[in-house]
Structures are given as C-alpha cells and as structure tokens.
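This report refers to the structure that appears directly beneath it.
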Amino acid sequence: MSWQQPPPGDSYGSGGGYPSYEPVAPGPAGDEPGAYGAGAPRVDGVSIAAFVCALTCCAAPIGLGLGIAGLVRTKNGRRGGRWAAITGTVLGALVTLAGAALLAFSIVLAAQTLWEEDARVGQCLDVNFIDEEVKASCADPHDGEVIWVGEFDRDLVDRYTAVEDDHEFCASLPDLDPQYVDALESGRYEAEISISDFDVDDPATGSLFFCYLERANGAQVEGRIGQLGA
26 MSWQQPPPGD SYGSGGGYPS YEPVAPGPAG DEPGAYGAGA PRVDGVSIAA
76 FVCALTCCAA PIGLGLGIAG LVRTKNGRRG GRWAAITGTV LGALVTLAGA
126 ALLAFSIVLA AQTLWEEDAR VGQCLDVNFI DEEVKASCAD PHDGEVIWVG
176 EFDRDLVDRY TAVEDDHEFC ASLPDLDPQY VDALESGRYE AEISISDFDV
226 DDPATGSLFF CYLERANGAQ VEGRIGQLGA
C-alpha cells in the first residue's frame, strides 16, 4: 500500500477540522437571555401615586390627573403598574364627583339653614332630616314658627340650666306675644330651642338662640299660629 500525503490543513496543529471563527457584532443590551435589565418592565411610579391619591378624599382630583398620565406612560407595556393607573383614574373620578356633589349639597343646605342671627319672630321653619331648622314659607305647611329671638345673658343661662325642658324655658321668656302664650298654654304646641353654642346643655353668655313652636302631635302647621286652623 502506497503512502499518500494528507491534504493541506489536515495535519495536527494546523487548525484543520475546526470551523473558522467569525466574531459576532454585539447587539443592544438585553438582547441575550439573562442579560442585565431583561425581564418585566419596571413599575411606573406615577401610576402607583395615582392609586394612593385616589384613596383619599382631598387628593382624589390629583389621583385622577396622575391616573390619566399613568395610562399614557404604561401604554403598550412600556412600564408596569397599568392596573394602578386604571384604578387610580376610576377611583379618582368617583371620589371627585362625590366630593363635588357633597360640596354642592353643603352649599344648598347652608343657604336654607335658619341661623340664630338671622331668625325673626313670626318666621316659619321646617326641621330637615338632620334635625336642622331651615327656612320655610308660612303659606305652605311647615313644622314650626319662631316665637322669641335673643341672646343669653347670665340670668337666662341660669334659668335655662335650672329648668327641665325647652318648653318650660321658652314659656318663661319675657315679652312673649300673647298669641304665643295662648298657644303654649293650650297644650297643642311644644316649644323647642335652637342655640348657636356647641354646648347646648350649658350655653355661654352671649350665645344667640331662638325658640319656636311646633305641633305637639307632630303634624305640620297650616298658616300662622294664632290664625284660624293653625
């Protein structure tokens, strides 16, 4: 058998038998599995702030604005936390609307309330669902009528704290109109009192108040007290 010279590059140490190595251009960071920064996108802080603000009544409008911004920032998965942006937007809108409705209700209620400094003898009133005296027309059925307006001096404070109920105190006030005295003595009416002081059981000297009459049987008053049928 004759010896044949191996082809060039097949000899040991010549590098034969191994594929040639060509360097690969590096790609953007994160293209390779396990590269630094790969995985789920980071949570958007604006969206989380929207969620937190929406849970409070005062910051709900801010939560609404941040929630809308968070929806833009988390679009197409660019950032995580879209759930917080959606929740913050919805809650922020609901709480803001509820707050606006409560504010409007408070303004209307304050405008209708019969304050002690504005009350006048002969003025008609209603008592609303939170036991606040509110203005009413005497031409319509109403709950009561103001019979005395004034402020507490030392003598009236002592008299008020000494009596057992509002009816007795109001009936003892000086210079009551005779028609109101008759109504008090008839047994068909009960006297109630409204006081500007927070501590209605022990009012301070100078506190304003008014007394009013209402039906003892809980019915509404028709017309002015002292008139026929009232």
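So the number in this note's numbering is just where the residue sits in the sequence shown, counting from 1, plus 25. Quick reminder that beta carbons are idealized off the backbone N, C-alpha and C, glycines included.
Asked                                                                                                                                                   : Found
Cα-Cα, which of Val206, Val77, Gly243 is closest to Leu116?                                                                                             : Val77
Among Ala94, Asp226, Ala126, which has the Cα closest to the Cα of Cys82?                                                                               : Ala126
With a cut-off of 8 Å on the beta carbons, I'd call Glu217 and Glu189 a contact; round off their distance for me.                                       : Not really, about 14 Å apart at Cβ, beyond 8 Å.
In whole angstroms, what separates the C-alpha of Gly55 from that of Leu80?                                                                             : Interpretation of Gly55 is limited by its pLDDT of 45, a score under 50 that renders its predicted location unreliable; the figure taken from the coordinates is listed afterwards. Going from the Cα of Gly55 to the Cα of Leu80 covers about 37 Å.
Tell me, please, which residues DSSP counts as bridged to Phe234.                                                                                       : Gly175, Ile220
With a CB to CB cut of under 8 Å and the five nearest residues on each side skipped, what residues in its chain are close to Gly38?                     : Only weak support is given to the placement of Gly38: the predicted model assigns it a pLDDT of 48, under 50, and the value that follows is read from those uncertain coordinates. Correct list: empty, nothing qualifies.
Taking all protein chains shown into account, decide if Phe177 is buried (16 or more other Cβ within 10 angstroms of its Cβ) or exposed.                : buried
Hey, how far is the Cα of Asn242 from the Cα of Phe234?                                                                                                 : 24 Å
From which residue to which residue does the beta strand (DSSP E) around Leu150 run?                                                                    : 149-152
Please return the same chain residues whose Cβ sits closer than 6 Å to the Cβ of Leu122, not counting the five positions on each side in sequence.      : none
Is it the case that the Cβ atoms of Cys236 and Leu198 are separated by a distance below 9 Å?                                                            : yes
Tell me, to the nearest whole angstrom, how far the beta carbon of Glu158 is from that of Leu150; I am working on the premise that it is less than 8 Å. : 5 Å
Excluding five sequence neighbours on each side, which residues of the same chain lie with their C-beta closer than 6 Å to the C-beta of Ser224?        : Note that residue 224 is Asp in the sequence shown here, rather than Ser. Nothing meets the Cβ criterion.
How about Val133 and Val171: do their beta carbons lie closer than 9 Å?                                                                                 : no
Count the other CB atoms within 10 Å of the CB of Ser72; is the residue buried (16 or more) or exposed (fewer)?                                         : buried
Look at the alpha carbon of Ile220 and the alpha carbon of Ala144, and state the distance between them as a whole number of angstroms.                  : 11 Å
Please return the same chain residues whose Cβ sits closer than 8 Å to the Cβ of Pro66, not counting the five positions on each side in sequence.       : Gly102, Arg103, Arg104, Gly105
Could you tell me the distance, in whole angstroms, from the CA atom of Leu128 to the CA atom of Thr138?                                                : 15 Å
Measuring only the C-alpha atoms, how far is Ala85 from Ala229?                                                                                         : 40 Å
Quick one, are the C-beta atoms of Gln245 and Asp156 less than 9 Å apart?                                                                               : no
Compute the Euclidean distance between the alpha carbons of Ala136 and Ala164, then round it to the nearest angstrom.                                   : 20 Å
Would you please state the rounded distance, in angstroms, between the beta carbons of Glu267 and His192? I believe it to be under 8 Å.                 : Residue 267 falls outside the range modelled here, since the chain spans only 26 to 255, and no answer is possible.
If I measure Cβ to Cβ from Ile93 and keep anything under 7 Å in the same chain, skipping five residues before and after, which residues do I get?       : Thr114
Provide the residue(s) that pair with Arg240 in DSSP beta bridges, ordered along the chain.                                                             : Tyr214
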